[in-house]
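Only one structure is covered here, and it is reproduced in the block below.
Number of protein chains: 2
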Amino acid sequence: MATIKDVAREAGVSPSTVSRTLHDSSLISQETKEKIWRAMKKLNYSPNFAAQNLANNTSNIIGVILPPNEESVANNPFFGQILQGITSVCNQQAYMVSVATGKDNAELIENVQMMMERGQVKRFIVTFSQQSDDVLEYLDQNDAEYVLIGEPIKNIAETLYVNNDNVAAGKDATEYLLDNGYYHPVYVYEDLEEMVQKDRFIGYSHAMEADERTPLSYQIKKEHTKEELQEFIDQHPEVDSMVACDDIMGVTLQNGLLAIHRNLADYGIISFNNSLFARASHPSLTSVEIFPTSLGMEAAVLVLNVDDRDFTKVKHVSVPHKIVERESTKR
Amino acid sequence: MATIKDVAREAGVSPSTVSRTLHDSSLISQETKEKIWRAMKKLNYSPNFAAQNLANNTSNIIGVILPPNEESVANNPFFGQILQGITSVCNQQAYMVSVATGKDNAELIENVQMMMERGQVKRFIVTFSQQSDDVLEYLDQNDAEYVLIGEPIKNIAETLYVNNDNVAAGKDATEYLLDNGYYHPVYVYEDLEEMVQKDRFIGYSHAMEADERTPLSYQIKKEHTKEELQEFIDQHPEVDSMVACDDIMGVTLQNGLLAIHRNLADYGIISFNNSLFARASHPSLTSVEIFPTSLGMEAAVLVLNVDDRDFTKVKHVSVPHKIVERESTKR
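If you're matching them up, the sequences are chains A and B in order.
Residue numbers for the first sequence follow full-length UniProt numbering, beginning at 1 and rising by one.
Residue numbers for the second sequence follow full-length UniProt numbering, beginning at 1 and rising by one.
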């Protein structure tokens, strides 16, 4: 029976290109797709992964590991979209997607262990990146293959991962404000220990420095009071706009400014993730779309082709971002 | 080997009570738990479901069917919590949880079929209730067992389901406003064809009628303009409070009132779901918590014990709700 590799060789492309064609990815040109379809036809290829798995003695199940801590999943519509991206690719290739959750790393690892032992699951997608690498270490020690969504903390060279370029996204968001006539954007964040927030801040700083402006950042924690925001605004009358680390922070900022009787029309606000929060707020938030469904799809393509790793040399996929313009940056 | 049924008979309780004790449910009294633990010890019971499955020739996988349509999952943090509830119970009993998604019912059914054929999955949790019952019909026709989260549209008597009592929740929310000195709450919704929104409206109407007030409802669709809201508010100067069909509608209302220069302190607003939207808005929204994690856990307990159906007679579990008080209903 012909495999994805055979089709790839016949068509002169990489196996991941074949796989993307199978799920009709918009990243592959029509021309390439047709070339691949011809190769499939010639080799009489049918994407019957289950039969291949049977021969290989592995399960046709991809494990998806959600972050430990109920709150982070509950508060982030993001994970639902990532999961849909993963299942859309896997199901199409006759792979099932099994989910592991846990209230902490220990419980998560227990559940991963159960999946490996009882379900013969050998390939995983880890949907989060954290400072503690217990989970990844467990996977490494047990010879599981995995793809990370997010940026690896260590072993970057050996890790397969899919992410957004958050530095570039931070830079683009800031340049958008500067190009639209704002002079003094401040970066507003909750926790710079979080990789994503830090990367977006680095991008913000690059854009400011390139334009010979001084970067300014402001932290809003959960227990933040409106008096503190009032003080910051009073001390920085030059601030005319804000780069919020994500949509929820964007909404928090809008509410905070209203609470201290500021006119939202006086401040440009851009945020990230383009979630429902950006659309539901008033004025609606200009936000950087990060395509979580694509993050999930790309991770699935990588993990399904993990055995072809030496052949493809694809270790990292960067999913593009896009600024979605709304009312919050219209003067 | 002793089964859950044997333990249940020995302890004089139902199998689902044993199952709940296994995952340490707070719904079971300490006394009952101890009785069950004694029975387990006596019978030398160990919750090895995988071994039992092997004997029964079924897989140890529970299929979870998410709603068709990416938007509904992306916009509803709810599904992440339901999924976590399901996996926490299933993983603890050595069951894996596999997820089916699809952009429409046809794709969803294709993926369910794949899970049944290739993965030997025979038990499902359907996380949504819709007018079209293609998916449930497919499951019925193929002798799959399932538990529905939400209210069945037909075959109520034969369907296993878990839901919130949304009529009672709507009534409680309305009574809360009346008890707190508001006189004319209006029910604000997007689509009364949606079962949940309709049930909450029925509950609202009951509370109003019991208090000899006339129910009033107002629809806000996606393309709603601030002029329309202005007109409604002008025509109904008596309205002093709002029962919003969910948190997102609560935030939409707050933004709409701000857009027509109303003082939010003049309106009491209560909403449902107690999601992050309720906490992030300003003023923060009083909201009815519906415990999505418990919905998932209860559905998992039901589906894991589905073979004991005739024995337990438990066909429906209603998960309680609770009003979480915040700033939006403080005069």
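Just so it is clear, CB atoms sit at the ideal spot from N, CA and C, and this is done for glycine as well.
Residue environment, residue i, which counts as buried when at least 16 other CB atoms sit within 10 Å
{"i": "Tyr183 (chain B)", "result": "exposed"}
{"i": "Gln84 (chain A)", "result": "buried"}
{"i": "Ile61 (chain A)", "result": "buried"}
{"i": "Asp199 (chain B)", "result": "buried"}
{"i": "Asp247 (chain A)", "result": "buried"}
{"i": "Arg118 (chain A)", "result": "buried"}
{"i": "Ala173 (chain A)", "result": "buried"}
{"i": "Gln113 (chain A)", "result": "exposed"}
{"i": "Gln93 (chain B)", "result": "buried"}
{"i": "His261 (chain B)", "result": "exposed"}
{"i": "residue 334 (chain A)", "result": "There is no way to answer for residue 334 (chain A), as the model of chain A reaches only from 1 to 331."}
{"i": "Gly181 (chain B)", "result": "exposed"}
{"i": "Gly63 (chain B)", "result": "buried"}
{"i": "Thr225 (chain B)", "result": "exposed"}
{"i": "Lys221 (chain B)", "result": "exposed"}
{"i": "Asn48 (chain A)", "result": "With a pLDDT of 48 at Asn48 (chain A), under the threshold of 50, the modelled position of this residue cannot be trusted; read the value that follows with caution. By the neighbour-count rule (16 or more Cβ atoms within 10 Å), Asn48 (chain A) is not buried but exposed."}
{"i": "Leu54 (chain A)", "result": "Here Leu54 (chain A) scores only 44 on pLDDT, less than 50, and its place in the model should not be relied on; the value that follows carries that caveat. Exposed, since its Cβ has fewer than 16 Cβ neighbours within 10 Å."}
{"i": "Gln235 (chain A)", "result": "exposed"}
{"i": "Ala169 (chain B)", "result": "buried"}
{"i": "Asn57 (chain B)", "result": "Per-residue confidence for Asn57 (chain B) stands at a pLDDT of 47, beneath the threshold of 50, marking its modelled position as unreliable; no derived number is given."}
{"i": "Ser29 (chain A)", "result": "exposed"}
{"i": "Ala51 (chain B)", "result": "At Ala51 (chain B) the pLDDT is 44, less than 50, meaning the model places this residue with poor confidence and gives no usable figure here."}
Spatial distance of residue i from residue j (CA atoms)
{"i": "Asn166 (chain A)", "j": "Ala299 (chain A)", "result": "17 Å"}
{"i": "Thr293 (chain A)", "j": "Asn163 (chain A)", "result": "12 Å"}
{"i": "Met40 (chain A)", "j": "Ile149 (chain A)", "result": "30 Å"}
{"i": "Asn276 (chain B)", "j": "Gln120 (chain A)", "result": "According to the sequence as given, residue 276 (chain B) is Leu; it is not Asn. Cα-Cα distance, rounded: 37 Å."}
{"i": "Ser14 (chain A)", "j": "Lys5 (chain A)", "result": "8 Å"}
{"i": "Arg326 (chain A)", "j": "Leu295 (chain A)", "result": "24 Å"}
{"i": "Tyr267 (chain A)", "j": "Ser217 (chain B)", "result": "35 Å"}
{"i": "Glu31 (chain B)", "j": "Val314 (chain B)", "result": "21 Å"}
{"i": "Gln141 (chain A)", "j": "Val135 (chain A)", "result": "10 Å"}
{"i": "His321 (chain A)", "j": "Asp211 (chain A)", "result": "22 Å"}
{"i": "Ser129 (chain B)", "j": "Gly102 (chain B)", "result": "15 Å"}
{"i": "Arg213 (chain B)", "j": "Glu238 (chain B)", "result": "12 Å"}
{"i": "Asn91 (chain A)", "j": "Ser284 (chain A)", "result": "35 Å"}
{"i": "Glu227 (chain A)", "j": "Gln254 (chain A)", "result": "15 Å"}
{"i": "Asp104 (chain A)", "j": "Pro152 (chain A)", "result": "19 Å"}
{"i": "Leu264 (chain B)", "j": "Val126 (chain A)", "result": "43 Å"}
{"i": "Asp191 (chain A)", "j": "Asp240 (chain A)", "result": "23 Å"}
{"i": "Asn44 (chain B)", "j": "Ser88 (chain B)", "result": "24 Å"}
{"i": "Ile82 (chain B)", "j": "Lys35 (chain A)", "result": "43 Å"}
Reduced DSSP secondary structure (H/G/I, E/B, other) of residue i
{"i": "Val301 (chain B)", "result": "helix"}
{"i": "Ser129 (chain B)", "result": "coil"}
{"i": "His184 (chain A)", "result": "coil"}
{"i": "Ala2 (chain A)", "result": "coil"}
{"i": "Arg331 (chain A)", "result": "coil"}
{"i": "Phe291 (chain A)", "result": "coil"}
{"i": "Val64 (chain A)", "result": "strand"}
{"i": "Arg123 (chain B)", "result": "strand"}
{"i": "residue 332 (chain A)", "result": "Chain A is shown only over 1 to 331; residue 332 (chain A) falls outside these bounds and no answer can be derived."}
{"i": "Lys322 (chain A)", "result": "strand"}
{"i": "Val317 (chain A)", "result": "strand"}
{"i": "Leu148 (chain B)", "result": "strand"}
{"i": "Ser217 (chain A)", "result": "strand"}
{"i": "Asn53 (chain A)", "result": "Confidence at Asn53 (chain A) is low in this model, with a pLDDT of 43, below 50, so its placement is unreliable and no value can be given for it."}
{"i": "Ser205 (chain B)", "result": "helix"}
{"i": "Lys198 (chain A)", "result": "helix"}
{"i": "Glu137 (chain A)", "result": "helix"}
**Asked** Could you give the uninterrupted runs of the beta strand (DSSP E) lying entirely in the stretch 220-287 of chain B, keeping only those of 3 residues or more?
**Response** 241-244 and 268-272
**Request:** Note down, in chain order, all residues in the stretch 107-119 of chain B with a beta-carbon under 8 Å from any beta-carbon belonging to chain A.
**Result:** Glu110, Asn111, Met114, Met115, Arg118 and Gly119
**chain A contacts made by the stretch 245-274 of chain B, where a contact means CB separation under 7 Å** = Ile248, Val251, Thr252, Asn255, Leu258 and Ala259
**Item:** Residues within the stretch 278-299 of chain A neighbouring chain B, beta-carbon criterion of under 7 Å
**Value:** Ala280, Ser281, His282 and Thr293
**Unbroken stretches of the beta strand (DSSP E), 3 residues or longer, contained in the stretch 66-117 of chain A** = 96-100
**Prompt:** What are the start and end residues of each continuous beta strand (DSSP E) run of 3 or more residues lying completely inside the stretch 153-184 of chain A, in chain order?
**Reply:** 160-164
**Request:** Using a Cβ-Cβ cut-off of less than 8 Å, give me the residues of the stretch 87-101 of chain A that come near chain B, in sequence order.
**Result:** Thr87, Ser88, Asn91, Ala94, Met96, Val97, Ser98, Val99, Ala100 and Thr101
**Item:** the stretch 160-172 of chain B: positions lying closer than 8 Å to chain A by Cβ
**Value:** none
**Item:** chain A contacts made by the stretch 127-139 of chain B, where a contact means CB separation under 9 Å
**Value:** none
**Message:** Any C-beta of chain B within less than 7 Å: which residues of the stretch 180-208 of chain A qualify?
**Reply:** none
**4-residue-minimum alpha helix (DSSP H) runs that sit fully inside the stretch 10-49 of chain A, ordered along the chain** = 15-22 and 30-43
**Asked** Closer than 7 Å, Cβ to any Cβ of chain B: which residues of the stretch 228-240 of chain A, in chain order?
**Response** none
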